[in-house]
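Each residue of the sequence shown is one higher than the last, beginning at 1 in the working numbering. Every residue gets a Cβ at the ideal spot worked out from N, C-alpha and C, and that includes glycine.
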Amino acid sequence: MSNPASVLATRMRGFGYTDKTDQGAFDAWLNERPARRLEWAQYQAYLDKGPRQSPFDPNSMNTPWVHSPFFGRLLAEKALSEEQAAMVRAFHEDGLVKIDLRDAICDGTAEQVIEELADKYTDPVRIQDAWRNNEDVKQIALNPKVIETLELLYGRDVVPFQTLNFRVGTEQAGHTDTVHFDSMPHRFMCGVWVGLEDIDANNGPLFYYPGSQLLPVYDFFDAGLEGSRKEEEFSPRYATYVDFLDQLMEAHGLEKQTLTVNKGEAVIWSANVIHGGSPIVEPGRSRHSQVTHYYFKGCSYYTPLLSNWHKGDVFFRDITDIRTGELVPNAYLFDDTPAPPQQRIGKRRALKVLLGLE
Ligand SMILES: O=C(O)CCC(=O)C(=O)O
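Here it is as structure tokens:
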């Protein structure tokens, strides 16, 4: 029979605890976040008693398992490696995790992308969807380690649908991706942002609020605003919306963290985590990076800031899978009925909205 101390040590590591296997230190770690203790109880109960025989199965919830209220139990079911469990736990708790892509980026690919795109910028900061003409950008978007990690985190097939390449910091206000790119069910979207050079405190690093991904999905309506397809309406409302998020962070006592990123590191952020670009302290410095936005299969995809659900008016998106170049149909919860045709806004304005500039 296995020794109880070694069983406990194995469970601690399977639960995503990496530091030590000392029980006292583990208890202190559990107490750092109240949710951890509850999840540990779920985790142990599943390992001791197995699945519960009842009509509702937590796996059937329409939410990514990594954000599920049954996370502790689902983690036990998956029996991940220690490394995977620690990564999944970090993403669950912080809404953001770094992964190492140096093998794919630091082999000359970063320099190649920077050089190939240098004369392609029509905007001072970014290029959207360079993957259409640039094979290196496309290969970063389709990096197998990224795809594998996202499929582990979300438990569904991934749909890479948009790239943005930046040559300088964006200085973007704190926002969620959810308000630009939501899905039904919610939260099946994330961004993967890759440093193509070292990014420090002075060239506009990313910032984020760990834990903000656990808040409800708040769209314009929740902030007392209406979505609109008219730029003159949604643009000032967006400014109010980001101020709402700023006040929300203060009200919840959530603290901003700045992320320095080395060339070849990638940051995966959850759709609902509040993040943005810090001010550029050293004007003129570059900050080469690429973000790819990913949805997941089996959802409908829409833009909340252009929609009003309460009026039955939803701006569904036509997304293209970067892997195939094909449109991905919007799937209603339990079938694949295509979404109705859209009432379009102008291309230029739509582009700004989709880039998060509005
Ligand atoms: O690169 C940045 O500074 C921020 C990018 C961002 O927030 C986004 O793509 O959603």
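- DSSP places H175 within a strand segment (E or B) once states are collapsed to three.
- Fewer than three beta-carbon pairs drawn from the stretch 52-62 and the stretch 14-33 are found closer than 8 Å, and the two stretches are therefore not classed as touching.
- At a cut-off of 3 residues, the continuous stretches assigned as beta strand (DSSP E) that sit fully inside the stretch 134-189 are 158-166, 182-184.
- Restricting attention to V217, V168, D313, the CA atom closest to the CA of N202 is found in V168.
- Counting the other CB atoms within 10 Å of its CB gives T178 a total of 16 or more, which places it among the buried residues.
- At a cut-off of 4 residues, not a single continuous stretch assigned as alpha helix (DSSP H) sits fully inside the stretch 45-69.
- Boundaries of the beta strand (DSSP E) harbouring H293: 289-296, taken from the DSSP string.
- If you draw a straight line from the Cα of Q42 to the Cα of R73, it is about 5 Å long.
- From the listed residues F15, S60, F221, D219, the smallest Cα separation to Y46 is found for F15.
- Between the beta-carbon of V159 and that of F296 there is about 6 Å, and that keeps the pair under the 8 Å contact cut.
- In the DSSP assignment, L30 falls within the unbroken alpha helix (DSSP H) covering 23-32.
- Rounded to the nearest whole angstrom, the C-alpha separation of T170 and D19 is 36 Å.
- The beta carbon of D222 is closer than 8 Å to those of P216 in its chain, skipping five residues each way along the sequence.
- Between T320 and the set Q162, M189, L75, F70, the nearest pair of CA atoms involves Q162.
- Secondary structure remark: continuous beta strand (DSSP E) runs of at least 3 residues inside the stretch 235-314, in chain order: 257-259, 265-270, 275-277, 289-296, 300-302.
- Between R156 and E82, the beta carbon gap of about 24 Å keeps them out of contact (Cβ cut-off 8 Å).
- With respect to the 8 Å criterion, T109 and D129 are not classified as neighbours on the basis of their beta carbons.
- The shortest CA-to-CA distance from H275 to any of C190, M87, K78, T21 is the one to C190.
- C-alpha of P205 to C-alpha of I147: approximately 24 Å in a straight line.
- Ligand 1 approaches D177 closely enough that one of its heavy atoms is under 7 Å from the residue's Cβ.
- By the CB criterion at 8 Å, I105 and G264 fall inside the cutoff.
- In the structure shown, G72 adopts helical secondary structure according to DSSP, grouped into three states.
- In the structure shown, T10 falls within a helical segment according to DSSP collapsed to helix, strand and coil.
- Distance from the C-beta of G211 to the nearest heavy atom of ligand 1 is not below 7 Å.
- S270 counts as buried, since no fewer than 16 other beta carbons sit within 10 angstroms of its beta carbon.
- Burial of G174 is indicated by the presence of at least 16 other C-beta atoms within 10 angstroms of its C-beta.
- Counting the other Cβ atoms within 10 Å of the Cβ of E282 gives fewer than 16, which makes it exposed.
- If you draw a straight line from the Cα of P185 to the Cα of D318, it comes to about 17 Å.
- DSSP links R102 through a beta bridge to no other residue.
- Distance from the C-beta of S289 to the nearest heavy atom of ligand 1 is below 7 Å.
- When DSSP reads this structure, W193 sits in a beta bridge with V267, V291.
- Checking the 7 Å criterion, the Cβ of F161 is out of range of every heavy atom belonging to ligand 1.
- Inter-residue distance for L38 and Q44 is about 10 Å (C-alpha atoms, whole angstroms).
- Y154 places its beta carbon less than 8 Å from that of F188.
- Inclusion of L164 in the 7 Å shell around ligand 1 follows from its C-beta lying nearer than that to a non-hydrogen atom of the ligand.
- With a cut-off of 7 Å, the C-beta of W65 is classified as distant from ligand 1, since no heavy atom of the ligand falls inside that distance.
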